[in-house]
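Numbering (the working numbering), first residue to last: 289 to 512.
Report on the structure given below.
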Ligand code: CO
């Protein structure tokens with residue numbers, strides 16, 4: 289009967305089984321790393337000096353390390369719904385600030401992906417509850433590009449293009465950060481790149497949007 293302890297125990301055991309699957313795979317990974325790459329574990333214990341900062345979507349299909357065949361230690365990562373750079377997001381600001389100021393990361397990759405649910409939600413009028421308030425930032429990008437996007441008849445094509453334009457907007461948002469501009473002025477030269485991941489074939493594409501100076505921005509966003 290629903291709600292009885294006897295019946296409730298089964299889903300708990302099933303859940304435990306799913307959790308144990310992950311822990312078992314970690315044991316396998318450790319065994320494999322010890323056998324194949326003992327230097328990797330030593331390097332991990334010694335500290336981190338990643339060369340890349342990755343701002344990606346929280347989508348489970350776009351794990352930065354897996355799709356770039358990178359080891360732990362290679363990429364500093366921040367992921368959120370639709371790979372957004374929101375100027376009041378203290379989680380993102382803290383990650384980016386630490387990456388450029390403390391770790392000296394020189395390459396910041398904003399990676400969007402085709403098939404992005406957050407971007408799709410921003411094209412429509414359906415409500416997702418609390419998430420609407422995050423998606424509103426993506427809708428701003430649609431609004432800024434509505435002349436182009438409204439002109440694309442095929443919904444899938446419009447979705448794909450919106451994904452790309454959102455990456456472009458987030459590359460620019462990254463360049464608008466005060467402390468990124470500080471880095472550029474101090475002679476450090478973090479480059480901000482815009483990429484897109486194709487979930488259909490697993491490929492990454494550079495959208496050719498790289499910014500390494502505030503000159504790329506409208507003057508109102510530049511700091512003296
Ligand atoms: Co997504």
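By construction, the Cβ of each residue, glycine as well, lies at the ideal position given by its N, Cα and C atoms.
A quick note: this is a predicted structure, and the numbers were derived from the prediction, not measured.
Assign residue i to buried or exposed, taking buried as 16 or more other Cβ atoms, counted over all protein chains shown, within 10 Å of its Cβ.
i: residue 370; result: buried
i: residue 478; result: buried
i: residue 290; result: Residue confidence for residue 290 is low, a pLDDT of 48 falling below 50, so the modelled location carries little weight and cannot support an answer.
i: residue 508; result: exposed
i: residue 579; result: No statement about residue 579 is possible, as the shown extent of the chain runs from 289 to 512 and does not include it.
i: residue 372; result: buried
i: residue 323; result: exposed
i: residue 496; result: exposed
i: residue 335; result: exposed
i: residue 311; result: exposed
i: residue 457; result: buried
State the CB to CB distance for the pair residue i and residue j, rounded to an integer number of angstroms; the pair is presumed to be in contact (CB under 8 Å).
i: residue 340; j: residue 362; result: 7 Å
i: residue 425; j: residue 384; result: Wrong, their Cβ atoms sit about 16 Å apart, outside the cutoff.
i: residue 487; j: residue 401; result: 6 Å
i: residue 455; j: residue 499; result: No, residue 455 and residue 499 are not in contact; Cβ-Cβ is about 12 Å, not under 8 Å.
i: residue 502; j: residue 469; result: 5 Å
i: residue 391; j: residue 326; result: Incorrect: roughly 24 Å between the Cβ atoms, too far for contact.
i: residue 414; j: residue 345; result: In fact, because the Cβ distance is near 19 Å, the residues do not count as touching under 8 Å.
I need the boundaries of the alpha helix (DSSP H) containing residue i, first residue and last residue.
i: residue 425; result: 420-432
i: residue 379; result: 378-385
i: residue 562; result: Outside the modelled stretch of the chain, which goes from 289 to 512, sits residue 562, for which no answer is possible.
i: residue 354; result: 352-355
Nearer than 7 Å: is that true of the beta carbon of residue i relative to any heavy atom of ligand 2?
i: residue 399; result: Among the ligands modelled here, namely ligand 1, ligand 2 does not occur.
Which stretch, first to last residue, makes up the beta strand (DSSP E) that contains residue i?
i: residue 479; result: 479-486
i: residue 336; result: Element bounds for residue 336: n/a, residue is neither H nor E.
i: residue 491; result: 491-494
i: residue 468; result: Where residue 468 is concerned, there is no enclosing beta strand (DSSP E), although the alpha helix (DSSP H) it sits in stretches over 466-473.
i: residue 400; result: 395-401
i: residue 365; result: 363-368
With a threshold of 7 Å on Cβ separation, who are the neighbours of residue i within its own chain once the five nearest residues in sequence on each side are excluded?
i: residue 359; result: 328
i: residue 410; result: 423, 426, 427 and 430
i: residue 387; result: 341, 364 and 393
i: residue 505; result: 460, 463 and 464
i: residue 416; result: 409 and 423
For residue i, which residues from the same chain have a beta carbon less than 8 Å from its beta carbon, with the 5 sequence-adjacent residues on both sides left out?
i: residue 348; result: none
Going along the chain, which residues of its own chain have a beta-carbon closer than 6 Å to the beta-carbon of residue i, five neighbours each way excluded?
i: residue 492; result: 483 and 485
Exercise for review: May I ask you to verify whether the stretch 358-366 touches the stretch 411-431, counting CB pairs closer than 8 Å and requiring at least 3?
Suggested key: no
Check your understanding: Okay, do the stretch 442-450 and the stretch 463-478 touch, 3+ Cβ pairs below 8 Å being the bar?
Key -> no
Check your understanding: Does the stretch 351-362 come within contact of the stretch 430-441, defined as at least 3 CB pairs closer than 8 Å?
Key -> The answer is no - the stretch 430-441 does not touch the stretch 351-362, with fewer than three Cβ pairs under 8 Å.
Practice item. Taking 8 Å as the threshold, find out whether the stretch 390-397 comes into contact with the stretch 472-492 through three or more Cβ pairs. Key: yes
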